[in-house]
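Residue numbers (the working numbering): 22 to 300.
Note that beta-carbon positions come from the ideal geometry of N, C-alpha and C, so glycine has one too.
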């Protein structure tokens, strides 16, 4: 991929405030707006038109969640702003919104339906966030030419959204894909035998690893939540049917063991060195 020139405008002069992002030679515009700042956006022309939005936040177990929706033009001229505010005001989990639109107001119902569907499926496939949508959005009907145009928009949108802090559409690079030189590690706990590896973003437990079917009563809620989230990826032999990513070695160890465990001590290499010793 060739280099890209991004312009980020800190609208409030604050890196945790409102941000406007553009990429050279792209008609798209991306806004990142904290929930508490939505009421200060009535004067932004691009937010009165149509586009796609992503509501980000955390659930009760501190997992990152996202809701992906669309907004069309409205007679009252509020478009995206009204769609974000009205139906989502009573939802507690979201703390900021990312908005994808254009500088020329060129998105119609067909375009935003296609984008909503594609971004929803990309986020769900990437697996970085729990996607809160209850239904798969309708992709609508687009011509081959329009699909090509929208896919180019999506490629730029992925870059911009990632640059302002959310890699929601980026598949997690597993060790084999990223040329990871970290050692393969193992752990055992109450009959569970697992294998995994550190990555630049966290820790991956390899497919075929087994997990302890029992979860202790005092297990942190994050372990119980992860077991529920990945229950379809654990077969009747308590083995994983896919590689699973976790944000830390301890989170991965806890998932395998069904209880709170120190990953620095539990994961060892072929020589018996703990991860703590290796590091």
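Thinking just about the alpha-carbon of each residue, which of the options is nearest to the one in residue i?
{"i": "residue 66", "options": "102, 166 and 222", "result": "102"}
{"i": "residue 262", "options": "249, 230 and 284", "result": "230"}
{"i": "residue 16", "options": "208, 176, 256 and 190", "result": "Since the first and last residues shown for the chain are 22 and 300, residue 16 lies out of range."}
{"i": "residue 301", "options": "61, 23 and 85", "result": "Coverage of the chain is limited to positions 22 through 300, which leaves residue 301 absent and any answer about it impossible."}
{"i": "residue 144", "options": "107, 173, 162 and 193", "result": "193"}
{"i": "residue 27", "options": "177, 133, 221 and 208", "result": "177"}
{"i": "residue 270", "options": "31, 219, 164 and 72", "result": "219"}
{"i": "residue 134", "options": "162, 148 and 252", "result": "162"}
{"i": "residue 71", "options": "128, 112, 272 and 35", "result": "128"}
{"i": "residue 170", "options": "156, 272, 136 and 146", "result": "136"}
{"i": "residue 60", "options": "46, 107, 167 and 23", "result": "107"}
{"i": "residue 150", "options": "283, 76, 282 and 237", "result": "76"}
{"i": "residue 287", "options": "213, 247 and 248", "result": "213"}
{"i": "residue 268", "options": "244, 31 and 112", "result": "244"}
{"i": "residue 250", "options": "58, 31 and 80", "result": "80"}
{"i": "residue 52", "options": "182, 258 and 298", "result": "182"}
Could you tell me which residues DSSP pairs with residue i in its beta bridges?
{"i": "residue 28", "result": "43"}
{"i": "residue 85", "result": "79"}
{"i": "residue 210", "result": "213"}
{"i": "residue 72", "result": "92"}
{"i": "residue 277", "result": "Paired residues: none, contrary to the question."}
{"i": "residue 218", "result": "225"}
{"i": "residue 117", "result": "55 and 77"}
{"i": "residue 255", "result": "261"}
Residue j and residue i - do their beta-carbons sit closer together than 7 Å?
{"i": "residue 225", "j": "residue 276", "result": "no"}
{"i": "residue 50", "j": "residue 122", "result": "yes"}
{"i": "residue 295", "j": "residue 289", "result": "yes"}
{"i": "residue 278", "j": "residue 233", "result": "yes"}
{"i": "residue 174", "j": "residue 154", "result": "no"}
{"i": "residue 206", "j": "residue 217", "result": "yes"}
{"i": "residue 264", "j": "residue 209", "result": "no"}
Can you name, in chain order, every residue of its own chain whose Cβ lies under 7 Å from the Cβ of residue i, other than the five neighbours on each side?
{"i": "residue 180", "result": "25 and 44"}
{"i": "residue 78", "result": "86, 114, 115 and 116"}
{"i": "residue 62", "result": "54, 68 and 102"}
{"i": "residue 247", "result": "276"}
{"i": "residue 273", "result": "217, 224, 226, 267 and 284"}
{"i": "residue 239", "result": "none"}
Near residue i, which residues of its chain fall below 6 Å by C-beta distance, leaving aside the five closest residues on each side in sequence?
{"i": "residue 242", "result": "82"}
{"i": "residue 38", "result": "none"}
{"i": "residue 33", "result": "39"}
{"i": "residue 204", "result": "290"}
{"i": "residue 158", "result": "137, 138 and 141"}
{"i": "residue 215", "result": "208, 226, 230 and 277"}
Spatial neighbours of residue i within its chain, please: CB distance less than 8 Å, with the 5 preceding and 5 following residues excluded, ordered by chain position.
{"i": "residue 74", "result": "89, 90, 91, 92, 101, 104, 105, 118, 119, 120 and 121"}
{"i": "residue 29", "result": "40, 41, 42, 184 and 185"}
{"i": "residue 125", "result": "48"}
{"i": "residue 198", "result": "Its pLDDT being 49, under 50, residue 198 is placed unreliably in this model, and the coordinates cannot settle the point."}
{"i": "residue 254", "result": "261, 262, 263 and 265"}
{"i": "residue 35", "result": "none"}
{"i": "residue 148", "result": "192, 193 and 266"}
{"i": "residue 56", "result": "115, 116, 117 and 118"}
{"i": "residue 211", "result": "233, 235, 278 and 279"}
Of all the CB atoms in chain D, is at least one closer than 7 Å to the CB of residue i?
{"i": "residue 172", "result": "Although the question refers to chain D, the structure presented lacks it and comprises just one protein chain."}
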